[in-house]
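Peer 1: Before I ask anything, let me first share the structure, which is written out below as structure tokens.
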Amino acid sequence: MSEPTQIKGEKSRWRASTKELLGIGVVLLLALTARATFADHYHVPTGSMRPTVEVGDRIIVNKAAYGLRVPLSERWLTRFEGPHSGEVVVLHSPEDGEVLLKRVVAAPGDLVALRGGRLWLNGSFVPVEMVDADSPLERLGESLHPLRLEDGGGPDFGPVSVPADSYLVVGDNRGNSLDGRFFGWVDRDAILGRGVAVFARHGRPTWSPL
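Taking this note's numbering, the leading residue of the sequence shown gets -19, the next gets one more, and so forth.
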């Protein structure tokens, strides 16, 4: 004896709903995995990277820049070269685990110091170009970025050699940045990705490469 038409219709709708829910779940899982492994965004809470990055800016982060991790974990599948001095990175603070945005200024083996906010690296001061009296630009590696010294240069540091698998990170706003001069070296595994660009400022779309 065949099933009533109503029961058949309910089963068909249930199967369709189940497939739809499974499809949504797969899409959400893929999106979550991609965000955890390949790309993410970061909302800037402080002015430590001014004028390069302003408070409230939203940053695109390439989480696969320095290697690939097992999705939703801290374990590496493979590690690439870098980070390099001059690059902006997102990292876990060694002090309290807070996620921070800073610039890498010294890599493993570098001899580094800071004096009055100026960076000294491997025997000489890093070049600073003056656009005008109030707009210094620091040339570090392949990066030419603004340097803010209006609040002073912050504490002096070094000279000291950077240990293996460690990095020194500081803010571009040298006189107003809680960074490696306070909390020390950042371990390679604590670096989550490379900042690519500011994609939103004051609630408006923009594109300002880092």
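Built from N, CA and C at the ideal position, the CB exists for glycine as well.
Mind reading off the beta-carbon distance from TYR22 to ARG174? Whole number of angstroms is fine, and I expect it under 8 Å.
Peer 2: 11 Å between Cβ atoms; not a contact.
Peer 1: With a CB to CB cut of under 8 Å and the five nearest residues on each side skipped, what residues in its chain are close to GLU122?
Peer 2: HIS64, GLY66.
Peer 1: Going by Cα to Cα distance, which pick from LEU172, VAL35, PRO74, ARG55 is closest to PHE162?
Peer 2: Cα-wise, what sits closest to PHE162 is PRO74.
Peer 1: Taking all protein chains shown into account, decide if THR13 is buried (16 or more other Cβ within 10 angstroms of its Cβ) or exposed.
Peer 2: Because THR13 carries a pLDDT of 39, less than 50, the predicted location of this residue cannot be relied on, and the following value inherits that uncertainty. Label assigned to THR13: exposed.
Peer 1: Let me make sure I understand the geometry here. Which of PRO51, TYR147, PRO185 has the alpha-carbon closest to that of ALA170?
Peer 2: With distances taken between Cα atoms, ALA170 lies closest to TYR147.
Peer 1: What residue range is occupied by the uninterrupted alpha helix (DSSP H) comprising GLY47?
Peer 2: Note, GLY47: premise wrong, no alpha helix (DSSP H); beta strand (DSSP E) at 47 to 49.
Peer 1: Would TRP100 count as contacting chain D if we go by Cβ distances under 7 Å?
Peer 2: No chain D appears in the structure shown, which is made up of a single protein chain.
Peer 1: Per the DSSP calculation, SER73 is bridged to which residue(s)?
Peer 2: None, per the DSSP bridge assignment.
Peer 1: Locate the beta strand (DSSP E) running through GLY173, then write down its first and last residues.
Peer 2: Counting along the chain, the beta strand (DSSP E) containing GLY173 begins and ends at 171 to 181.
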